[in-house]
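Engineer:
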Amino acid sequence: MTAPIERLPVEVFDTVVSDLELDDYRHLRLSSQRLYSLTLSTFAKLYLSQVSTTLGSPSLHRLVAVSKHGHFRHAVAKLNIKLLTYPDYLTLAAIQRAGIYPPPKRFRTISGIKNVDVEGESTLYNDLVGWNHPRCITDRLTLALKGLRNLKSICIRALHAEPIGWRWTDIPDHDQKFRRACFDAVLESITKSGIQLEEFSMAKKKKNMNKFRKGMELWCSKDLQFSEQMQTSLQHSFKHLQSLTLSLVTVRRSKPGWETGAVQFIACAANLKHLALSLDRSVHISRNSAHFIHSLATSSRHPALESFQLVNCSVYQTDMEQFATAHAETLSTMTLTRVRMTTGSWTSFWSSLKTIPKLRWLRFGSLEGTFNDSSFWPANRARAKITLETASSGRQMNDLLDELVAGYKPTSETPF
Numbered sequence: 219m220t221a222p223i224e225r226l227p228v229e230v231f232d233t234v235v236s237d238l239e240l241d242d243y244r245h246l247r248l249s250s251q252r253l254y255s256l257t258l259s260t261f262a263k264l265y266l267s268q269v270s271t272t273l274g275s276p277s278l279h280r281l282v283a284v285s286k287h288g289h290f291r292h293a294v295a296k297l298n299i300k301l302l303t304y305p306d307y308l309t310l311a312a313i314q315r316a317g318i319y320p321p322p323k324r325f326r327t328i329s330g331i332k333n334v335d336v337e338g339e340s341t342l343y344n345d346l347v348g349w350n351h352p353r354c355i356t357d358r359l360t361l362a363l364k365g366l367r368n369l370k371s372i373c374i375r376a377l378h379a380e381p382i383g384w385r386w387t388d389i390p391d392h393d394q395k396f397r398r399a400c401f402d403a404v405l406e407s408i409t410k411s412g413i414q415l416e417e418f419s420m421a422k423k424k425k426n427m428n429k430f431r432k433g434m435e436l437w438c439s440k441d442l443q444f445s446e447q448m449q450t451s452l453q454h455s456f457k458h459l460q461s462l463t464l465s466l467v468t469v470r471r472s473k474p475g476w477e478t479g480a481v482q483f484i485a486c487a488a489n490l491k492h493l494a495l496s497l498d499r500s501v502h503i504s505r506n507s508a509h510f511i512h513s514l515a516t517s518s519r520h521p522a523l524e525s526f527q528l529v530n531c532s533v534y535q536t537d538m539e540q541f542a543t544a545h546a547e548t549l550s551t552m553t554l555t556r557v558r559m560t561t562g563s564w565t566s567f568w569s570s571l572k573t574i575p576k577l578r579w580l581r582f583g584s585l586e587g588t589f590n591d592s593s594f595w596p597a598n599r600a601r602a603k604i605t606l607e608t609a610s611s612g613r614q615m616n617d618l619l620d621e622l623v624a625g626y627k628p629t630s631e632t633p634f
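Residue numbers for the sequence shown follow our numbering, beginning at 219 and rising by one.
The following block contains the structure:
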């Protein structure tokens, strides 16, 4: 006999079960064949539009299984690649050697890793860093990407917020090597799979939020270079890329030309509309990032660029003006947070933005400048977190910029 709930229209049934937890929803679906079929599309949309992997063997196995499923593989639109730290892998290896599950309390908990997956996850660091070419990872990831027909977005970032001990130091070498190996493996899989992305990100960044969270903070050095063949492949994969978010660290300056690889990576996305860059850590902003922006301003052109966000960076006024002018025909949104201007002044830069005809939204906070322009805060507010928006104010951007320059005064107080 058909139960009353099975006779409900699918729209009504979706409303009834919308507040159920995943496990409860799963058990309800398995209670009858009709409910299973009735909820298939909604279940896939709710729980499989975004999937995650650590690149470890168990999570890659699940990802490949989803990519082979006749219905679920079409539901996946975003892939989150969440990376553990080197101490996490040491802990997992120690738990695996102990062979006791759940592990004894002397081992710290690695959230996001199930006890049944400890053995398979514990080998990833050695698989990527210890081997010359980690085929076991790239082959399975490539296979999964080929099967995800509607995948448009990939985000590779840290699984957890960085340990407290990292805040005032550089990210340890072990972790940087691991993150670089993961980055290379992901790019290789993207190019081999032939997928074309619309979004690529190296940090967790909520829409309409200025903060970068759990970023990769990959060293931008001479080693971060791409062969001509890889650049050509990336140009194909990024042909339709609209949004690019990079989390890099430029504190460690290496040989001349260290910044060219990352700038070339950005250039592979010819039709980019949204570019967001974090070029240092919030407590370590060096002058090296200004060289990166100089290279970007002089060599990179994106004819469709609409929004530009810059975080944790040093800049030269001339480079910022050159970049803005080069994209004047399309640039409509600009966000600057924890940016230090090493030459020139912010007031002059604001005035130069009046030549950008389509600029409709400008937000900045915690800016630092030079000499008597050492920091740029409003005279009548406690913090410099200002948004200029033509839509909400009903005024022209040029008028807002004139008012901004006229109403501000330099202060020696530091925003950092």
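We put the beta carbon where it would ideally sit given N, CA and C, even for glycine.
Since the model is a prediction, treat every value here as computed from it, not as a measurement.
Run through the region 424 to 493 for me and flag every whole alpha helix (DSSP H) of 4 or more residues, listed as ranges in chain order.
Structural biologist: 446 to 455 and 478 to 485
Engineer: By how many angstroms is the C-alpha of L580 removed from the C-alpha of I511?
Structural biologist: The straight-line gap separating the alpha-carbon atoms of I511 and L580 is approximately 19 Å.
Engineer: Comparing alpha-carbon positions, which option in D237, I372 and L619 lies nearest L264?
Structural biologist: When each option's Cα is compared against that of L264, the closest is D237.
Engineer: Could you pull the DSSP bridge partners for A376 from this structure?
Structural biologist: L301
Engineer: Identify whether F325 lies in helix, strand or coil by the three-state DSSP scheme.
Structural biologist: coil
Engineer: Per the DSSP calculation, E607 is bridged to which residue(s)?
Structural biologist: W579
Engineer: Could you tell me how far apart the beta carbons of E406 and S371 are, in whole angstroms, since I believe they sit closer than 8 Å?
Structural biologist: Contact flag wrong, Cβ pair sits at about 18 Å.
Engineer: Applying the criterion that 16 or more other CB atoms from any shown protein chain within 10 Å of the CB defines a buried residue, is A542 buried or exposed?
Structural biologist: buried
Engineer: Is DSSP giving L497 helix, strand or coil here?
Structural biologist: coil
Engineer: Please check the pair L459 and L415, which I expect to be a contact at CB under 8 Å, by giving their CB distance rounded to whole angstroms.
Structural biologist: 6 Å
Engineer: To the nearest angstrom, how far is it from the Cα of W568 to the Cα of N616?
Structural biologist: 10 Å
Engineer: Quick check: what's the CA-CA separation for Q443 versus T409?
Structural biologist: 16 Å
Engineer: Which term fits R244, buried or exposed, when burial requires 16 or more other beta carbons within 10 angstroms of its beta carbon?
Structural biologist: exposed
Engineer: Which residues does DSSP pair with C531 in a beta bridge?
Structural biologist: V557
Engineer: Confirm, please, whether the CB-CB distance from G365 to K286 is below 8 Å.
Structural biologist: yes
Engineer: Would you identify the three-state DSSP class for E239, choosing helix, strand or coil?
Structural biologist: coil
Engineer: With distances taken between CB atoms, is the gap from F396 to V334 smaller than 8 Å?
Structural biologist: Annotated as distal: F396 and V334, with beta-carbon spacing of 8 Å or more.
Engineer: Identify the continuous alpha helix (DSSP H) that holds E339 and give its terminal residues.
Structural biologist: Here the alpha helix (DSSP H) through E339 covers V336 to E339.
Engineer: Ends of the alpha helix (DSSP H) at Q394?
Structural biologist: D391 to S411
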